[in-house]
Every structure is written in C-alpha cells, then in structure tokens.
Amino acid sequence: NTEVGFPASPIPVANNDGENNNNSKNNDYRLRGIYAKESYPKGSYICAVPFVSTLLIDETFIEENNNNLSDQSYPLSASDPENGIKFLELVQQQQLKEKWKPYLDCLPSANDDDPNFDPTPEFWNDHEVNLFLEGKKEEQKQEESNDDDSDDNEEKFQLVLQKFVEDNVYKSRKYLEELLLKVNQEKVTSTIKKNELRQAAYLVKTRAFTTFTKKKSAATVTTDGEAKMGLLRRTVMIPYIDFLNHGGDRSNAEMVVVEAQNAYDESFYALVAKEFIQKGSEICIQYGTGEETPIELFTQYGFFDDSPKSPINLNGVSSVADIDQIITSTTEADDETTSKIRTRGKEKILTLRSYFKRRTNAETKVSLKDGSS
93 NTEVGFPASP IPVANNDGEN NNNSKNNDYR LRGIYAKESY PKGSYICAVP FVSTLLIDET
153 FIEENNNNLS DQSYPLSASD PENGIKFLEL VQQQQLKEKW KPYLDCLPSA NDDDPNFDPT
213 PEFWNDHEVN LFLEGKKEEQ KQEESNDDDS DDNEEKFQLV LQKFVEDNVY KSRKYLEELL
273 LKVNQEKVTS TIKKNELRQA AYLVKTRAFT TFTKKKSAAT VTTDGEAKMG LLRRTVMIPY
333 IDFLNHGGDR SNAEMVVVEA QNAYDESFYA LVAKEFIQKG SEICIQYGTG EETPIELFTQ
393 YGFFDDSPKS PINLNGVSSV ADIDQIITST TEADDETTSK IRTRGKEKIL TLRSYFKRRT
453 NAETKVSLKD GSS
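Numbering (our numbering), first residue to last: 93 to 465.
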C-alpha cells in the first residue's frame, strides 16, 4: 500500500511565518521517497519488515549501569566506520550477496552521477574544504567591507570553521586510513580498497537504524545466578523503510520495534502513522533522536535541516528558522577552483558556512549582553 516515487515538484518548506515557500532556494527537494497509495489513520500500521528480512550489522548487549538505561547514554554505533567492515563482510558472502542484490543495487553510490547521494564531510575534497573555509569571492568582498564585523569576531568564526574541518574531515580521513591498514593486515585473502570501505561506512552511517531493547542476557549473570538486565543494541539496515526521507518536525510516521519474547522469527520493524496521512502524500520519518542540531544532522546524513524546530537560538538573542541568501550554484563567472566542486555539494557547504557565521554572530551578541549586564 506504499510505493517508491519521485515528487513532481519541490516539497514545500515553511518560512518564519509558518507559510509554505515553494520558491525557497533552501528547498533541497528529494528525488526519491515513499508515498502512500491509500490514506492511513493516526496510529495505523503502514508496513512491516520482519527481523529475518533485515541486514543485521551489529548486535551488542550493554549491561545495566546504576539502573541507567537511557538511550542517550550510549553513542549510536551506526556512526562507527568499523561497521563498514562488518557490512562488507556480510554482503561479500556469496549466499547473502545473491539474496541482497536487489536491495544493494538500490543503495546510493558515492559518485556525482547519483542524485540520491548526499556527501558527508569525509567525502569533501580539498577544493570543497577551501570553499568552506574561505567562501565565495562575493562573500569575501562583502565580509571585508562590513565594518560591523570586528576582527575578533571574524577570527572566532575562522577558528570554528577550522575545528569543524579538523574534526569531521581530517580526523575522519585519518581514522579510515588507520582502520583500513589494520584490517588489510589481518586479511588473508583479498584486501579492501579505501573507496570501498568509505562507501560501506557511509551507507551504514546514513541508512542504518540503531535500536535499543531492554532485556535480560543469558550470557551474563549476577552473583546470585540471575541473568543481568541491560540493553540489546542492534545496528540494522531495513530494506524499503530506509528509503524514507527525513521530515524533521514535519515527519508523519515513525519506525517502532515489535519484538516477540524469545522469538526472533516472529519479530518485526513496523512503520506507524503519527498523524492522518492522505493518499498520495510522501511518508517521512525523523532521522536520529530528534534532538540533533543542523550541524550534527549534516555530519551524520549529508543534508542541512533548516526547519522551524532547528533554529539558531542562543538565550533568546537570535532565532533564525531558515538561512536566507543561500549562494546559488556554479556559474560561468566562477573561477577554476569552484568549477571543480559538485554543484549540489557546493550549495550545502555554503549553507553550512552561512549557518556557522550566523551562530558565531549570535554567540557574540550573547557575550556582549552578558558582559554589559
């Protein structure tokens, strides 16, 4: 009762007044999504995928610690590039490779020709890093002529940009190279290539779900001989459901775990309507926990969410629900450096830079306010 489809027009983005703005340049419309072939009442099941029809990347039992079983106490393991190794080992098994071929063929590939590929910062090349740090020529001239921007504020802005690049580009590259070297030294047969591992790690990072289930573990017992309580953390790729797009605060569905007691074969992941969904509407979910900042969503998934619930908001001094004046795509007047940058990636890089600029300015206002009180 659902189907993979393509929107005929860009998806509306709400502006500061809560009105739809189809002409917004920030509207990074989605080229593939899941659409309802019939209407769904709130709370109804839209579809379900059995556990046995998913690709289990990792399963780890986390023992109870001081009765603290909060999901937020543990990092989402899907972000760890080591899961890229596990993913490759699974899909390279001949039996699984044949079984999962239709699904694997639908996954985005890390190249400019795939419109469904949203590069995360570890994919940035040197030209894109320079664009993020330096901006476009027009922006540089505007910043230089802006007397309101102090040298201290500009220096702080540059330090923030450099730290982001160091943490999310250079450190990611280094860790991936170290992991690749370690794995290939341990492998007896064929080695794993760098691009192959980076692509696999990207797929798990951006598409896998991480679930937590409170349960007892037969493998760990207390001093009284009872099974210990804890969280069973699963990192799993769920075919079809992982084609759902991020809806942010406009998401109309959610994924829930329906696990039968001691019956893996009877358990499943279900997509449930959070509100009434009209026939023909796109079905969207909330990526992550719903608490991530736009910057965290960008580094995790490769897109920039500027929805009303992801504003710049620092002590009430600044509240910006969308970023205006997004720099347009490459033109013939751009220099040779920027012409080497992916058009879609360029928009997002400059949007992220603009966000950091606004946030730095807002933080400065907070500091000045606190200093003058």
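C-beta atoms are modelled at their ideal positions from N, C-alpha and C, and glycine is treated no differently.
Contact check, Arg325 vs Thr302, beta carbons under 8 Å: Contact: yes.
Cβ contact check for the stretch 185-205 and the stretch 354-374: 3 or more pairs under 8 Å: Result no; under three Cβ-Cβ pairs closer than 8 Å.
Would you say Asn337 touches the ligand HEM, meaning its beta carbon is less than 7 Å from a heavy atom? Annotation note on the ligand HEM: not contained in the displayed structure, which lists no ligands.
Please report the straight-line C-alpha distance between Trp216 and Arg265, rounded to a whole angstrom. Rounded to whole angstroms, the separation of the alpha carbons of Arg265 and Trp216 is 10 Å.
Among Arg451, Gly322, Gln378, Tyr332, which one has its Cα closest to the Cα of Ile154? With distances taken between Cα atoms, Ile154 lies closest to Gly322.
Have a look at the DSSP bridge pairing and note the partners of Lys297. DSSP lists no bridge partner for Lys297.
Please report how far the alpha carbon of Pro400 lies from the alpha carbon of Phe143, in whole angstroms. Bear in mind that a pLDDT of 46 at Pro400, under 50, signals an unreliable position, so the model cannot answer this.
Between which two residues does the beta strand (DSSP E) harbouring Pro142 extend? In the DSSP annotation of this structure, the continuous segment of the beta strand (DSSP E) that includes Pro142 starts and ends at 137-142.
For Asn407, count neighbouring C-beta atoms within 10 Å of its own C-beta (all shown protein chains included) and say buried if the count is 16 or more, exposed if not. Any reading at Asn407 needs caution, since the residue's pLDDT is 35, under 50, leaving its predicted position unreliable; the model's value is listed next. With fewer than 16 other Cβ atoms within 10 Å, it is exposed.
Under a three-way DSSP split, which group does Lys306 fall into? Shown here, Lys306 sits in a strand according to DSSP, grouped into three states.
What number of angstroms, rounded off, separates the C-alpha of Asp341 from the C-alpha of Glu151? So the alpha carbons of these two residues sit roughly 30 Å apart.
Taking the DSSP output, what are the residues bridged to Cys376? Residue pairing of Cys376 in beta bridges, as defined by DSSP: Asn337.
For the beta strand (DSSP E) holding Val364, just list the boundary residues, first then last. Here the beta strand (DSSP E) through Val364 covers 355-365.
Pairwise C-alpha distance: Tyr379 and His338: Rounded to whole angstroms, His338 to Tyr379 spans 6 Å at the Cα level.
Beta bridge counterpart(s) of Phe153 as assigned by DSSP: Paired residue(s): Leu324.
Whose CA, out of Tyr393, Ser343, Ile387, lies closest to the CA of Ser171? Between Ser171 and the set Tyr393, Ser343, Ile387, the nearest pair of CA atoms involves Tyr393.
Measuring only the C-alpha atoms, how far is Asp244 from Gln250? Going from the Cα of Asp244 to the Cα of Gln250 covers about 10 Å.
Anticipated Cβ contact below 8 Å, Tyr356 with Val141, distance rounded: Approximately 14 Å separates the beta-carbon atoms of Tyr356 and Val141; this is outside 8 Å, ruling out the contact.
Using a Cβ-Cβ cut-off of 6 Å (strictly less than) and excluding sequence neighbours within five positions of Val348, which residues of its own chain qualify? The answer, listed in chain order, is Ala362, Val364.
Quick check: the Cα distance between Asp334 and Ala300, rounded to an integer number of angstroms? C-alpha separation (whole angstroms): 7 Å.
Quick check on the burial criterion: 16 or more other C-beta atoms within 10 angstroms. Buried or exposed for Asp206? Note on Asp206: under 16 other CB atoms within 10 angstroms of its CB, so exposed under the neighbour-count rule.
I'd like the span of the alpha helix (DSSP H) that includes Glu351, first residue to last. Glu351 -> not in any alpha helix (DSSP H); beta strand (DSSP E) instead, spanning 345-352.
Does DSSP classify Ala454 as helix, strand or coil? It is helical.
With 16 other Cβ atoms within 10 Å as the buried cut-off, status of Lys371: Within 10 angstroms of the beta-carbon of Lys371 lie fewer than 16 other beta-carbons, which makes it exposed.
Given a threshold of 16 other Cβ atoms within 10 Å of its Cβ, counted over all protein chains shown, does Lys449 qualify as buried or as exposed? Counting of Cβ neighbours within 10 angstroms places Lys449 among the buried residues, the total reaching 16 or more.
Tell me the DSSP secondary structure of Leu147 in three-state form. In the three-state reduction of the DSSP assignment, Leu147 falls in the strand class, which pools E and B.
I'd like to check one pair, Ile177 with Leu289: are the Cβ atoms closer than 8 Å? It is a contact, given that the beta carbons lie within the stated cut-off.
Specify the secondary structure class of Ile441 as computed by DSSP and reduced to three states. Collapsing the DSSP output to three states places Ile441 in a helix.
Buried or exposed by the 16-neighbour rule on C-beta atoms within 10 Å, applied to Gln291: The C-beta of Gln291 has 16 or more other C-beta atoms within 10 Å across all chains shown, which makes the residue buried.
Look at the Cβ atom of Thr146, then the Cβ atom of Ile330, and state whether they are nearer than 8 Å. Yes, they are a contact pair.
I'd like the ranges of any beta strand (DSSP E) spanning at least 3 consecutive residues and lying wholly in the stretch 261-295. The qualifying runs do not exist here; there are none.
According to DSSP, is Glu174 helix, strand or coil? Residue state, collapsed to three classes: helix.
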